[in-house]
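Comments concern the structure below.
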Amino acid sequence: MCINQAVSQQAHLSSPDVMFAINVLSVNHQDVSNVCAGRDPSKNRFGVGHWVTDESGLPVLADALAVFICKTDKVMTYGTHKIVIGAISNVIVNGEEVNPLLYANGSYGALGSIE
(Lines of atoms letter the chains of each structure in order from A; the text may use other names.)
(Lines give C-alpha, C1' and ligand atoms only; values in the text may rest on other atoms or scores of the structure.)
Protein backbone atom coordinates (compact mmCIF):
# COMPACT_ATOMS: atom_id res chain seq x y z
CA MET A 1 0.00 0.00 0.00
CA CYS A 2 1.03 3.65 -0.35
CA ILE A 3 0.61 6.04 2.56
CA ASN A 4 1.40 9.74 2.73
CA GLN A 5 4.20 10.48 5.19
CA ALA A 6 2.06 13.24 6.73
CA VAL A 7 -0.53 10.68 7.92
CA SER A 8 -0.15 9.74 11.59
CA GLN A 9 -0.38 5.97 10.95
CA GLN A 10 2.59 5.90 8.57
CA ALA A 11 5.23 5.72 11.32
CA HIS A 12 3.59 2.65 12.88
CA LEU A 13 3.03 0.91 9.53
CA SER A 14 6.64 1.56 8.50
CA SER A 15 7.96 -0.53 11.40
CA PRO A 16 9.13 -4.08 10.64
CA ASP A 17 6.80 -7.05 11.23
CA VAL A 18 3.74 -4.92 12.07
CA MET A 19 0.37 -6.55 11.40
CA PHE A 20 -2.16 -4.47 9.45
CA ALA A 21 -5.39 -4.94 7.50
CA ILE A 22 -6.24 -3.69 4.03
CA ASN A 23 -9.99 -3.34 3.49
CA VAL A 24 -11.37 -3.47 -0.06
CA LEU A 25 -14.09 -0.81 -0.03
CA SER A 26 -17.43 -0.89 -1.83
CA VAL A 27 -19.12 2.08 -3.50
CA ASN A 28 -20.97 2.57 -0.19
CA HIS A 29 -17.72 3.35 1.69
CA GLN A 30 -16.81 6.78 0.31
CA ASP A 31 -17.16 8.36 3.78
CA VAL A 32 -14.81 5.73 5.25
CA SER A 33 -12.29 6.42 2.49
CA ASN A 34 -12.42 10.17 3.09
CA VAL A 35 -11.88 9.84 6.85
CA CYS A 36 -9.05 7.31 6.48
CA ALA A 37 -7.40 9.56 3.88
CA GLY A 38 -7.40 12.40 6.42
CA ARG A 39 -9.80 14.61 4.48
CA ASP A 40 -11.77 15.34 7.66
CA PRO A 41 -9.29 15.41 10.56
CA SER A 42 -12.08 16.19 13.03
CA LYS A 43 -13.52 12.67 12.59
CA ASN A 44 -12.23 9.54 14.33
CA ARG A 45 -10.84 7.05 11.80
CA PHE A 46 -12.93 4.26 13.34
CA GLY A 47 -15.99 6.43 14.02
CA VAL A 48 -17.26 6.05 10.44
CA GLY A 49 -18.30 2.61 9.17
CA HIS A 50 -18.94 -0.62 11.04
CA TRP A 51 -15.60 -1.74 12.47
CA VAL A 52 -15.01 -5.05 14.27
CA THR A 53 -11.92 -6.79 15.61
CA ASP A 54 -10.77 -9.83 13.66
CA GLU A 55 -9.23 -12.98 15.16
CA SER A 56 -5.73 -11.44 15.06
CA GLY A 57 -6.91 -8.37 17.00
CA LEU A 58 -6.90 -5.95 14.07
CA PRO A 59 -9.75 -3.56 13.32
CA VAL A 60 -11.47 -4.52 10.06
CA LEU A 61 -14.45 -3.07 8.25
CA ALA A 62 -17.27 -5.60 8.81
CA ASP A 63 -18.88 -5.03 5.42
CA ALA A 64 -15.72 -4.63 3.32
CA LEU A 65 -15.77 -6.55 0.05
CA ALA A 66 -12.59 -8.27 1.19
CA VAL A 67 -9.91 -7.83 3.84
CA PHE A 68 -6.22 -8.73 3.52
CA ILE A 69 -4.43 -9.36 6.83
CA CYS A 70 -0.75 -8.54 6.32
CA LYS A 71 2.57 -8.17 8.09
CA THR A 72 5.02 -5.45 7.03
CA ASP A 73 7.74 -7.00 4.90
CA LYS A 74 9.47 -4.04 3.24
CA VAL A 75 9.09 -0.24 3.26
CA MET A 76 10.34 2.20 0.63
CA THR A 77 10.11 5.99 0.49
CA TYR A 78 9.02 7.58 -2.77
CA GLY A 79 8.44 11.33 -2.80
CA THR A 80 5.79 12.26 -0.24
CA HIS A 81 4.70 8.65 0.35
CA LYS A 82 5.91 5.42 1.87
CA ILE A 83 5.27 2.22 -0.04
CA VAL A 84 4.59 -0.62 2.40
CA ILE A 85 4.89 -4.18 1.09
CA GLY A 86 2.95 -6.62 3.22
CA ALA A 87 3.07 -10.41 3.36
CA ILE A 88 -0.54 -11.62 3.32
CA SER A 89 -1.37 -14.09 6.10
CA ASN A 90 -5.17 -14.24 5.73
CA VAL A 91 -7.91 -13.15 3.34
CA ILE A 92 -11.54 -12.55 4.28
CA VAL A 93 -14.12 -12.35 1.47
CA ASN A 94 -17.61 -11.03 2.21
CA GLY A 95 -20.63 -11.77 0.03
CA GLU A 96 -20.96 -12.38 -3.65
CA GLU A 97 -21.73 -8.89 -4.95
CA VAL A 98 -18.66 -7.01 -6.12
CA ASN A 99 -18.95 -3.26 -6.61
CA PRO A 100 -15.62 -1.76 -5.50
CA LEU A 101 -15.01 1.90 -4.80
CA LEU A 102 -12.43 3.25 -7.24
CA TYR A 103 -10.35 6.42 -6.90
CA ALA A 104 -8.44 7.98 -9.78
CA ASN A 105 -7.42 11.47 -10.84
CA GLY A 106 -8.85 13.04 -7.68
CA SER A 107 -12.35 11.58 -7.82
CA TYR A 108 -14.32 8.46 -6.94
CA GLY A 109 -15.89 6.09 -9.42
CA ALA A 110 -17.28 2.59 -9.87
CA LEU A 111 -16.99 -0.15 -12.43
CA GLY A 112 -19.47 -0.05 -15.29
CA SER A 113 -20.96 -3.02 -17.07
CA ILE A 114 -19.17 -4.51 -20.05
CA GLU A 115 -21.35 -5.38 -23.00
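Going by my numbering, the sequence shown opens with residue 1, and the numbers climb by one from there. Glycine residues also receive a C-beta, built at the ideal position from the N, C-alpha and C atoms. Predicted model, so just to flag it, every value in this text is computed and none were measured.
Asked                                                                                                     : Found
Nearest residue (CA-CA) to Val-93, options Val-7, Asn-23, Thr-53, Val-18                                  : Asn-23
Residue range of the beta strand (DSSP E) that includes Ser-33                                            : That residue, Ser-33, is in no beta strand (DSSP E); its alpha helix (DSSP H) goes 30 to 36.
Cβ pair count under 8 Å reaching 3, the segment 81 to 96 against the segment 4 to 18                      : yes
Classification of Cys-70 by the beta-carbon crowding that lies within 10 angstroms, buried from 16 upward : buried
Host beta strand (DSSP E) of Ala-66 (start-end)                                                           : 66 to 78
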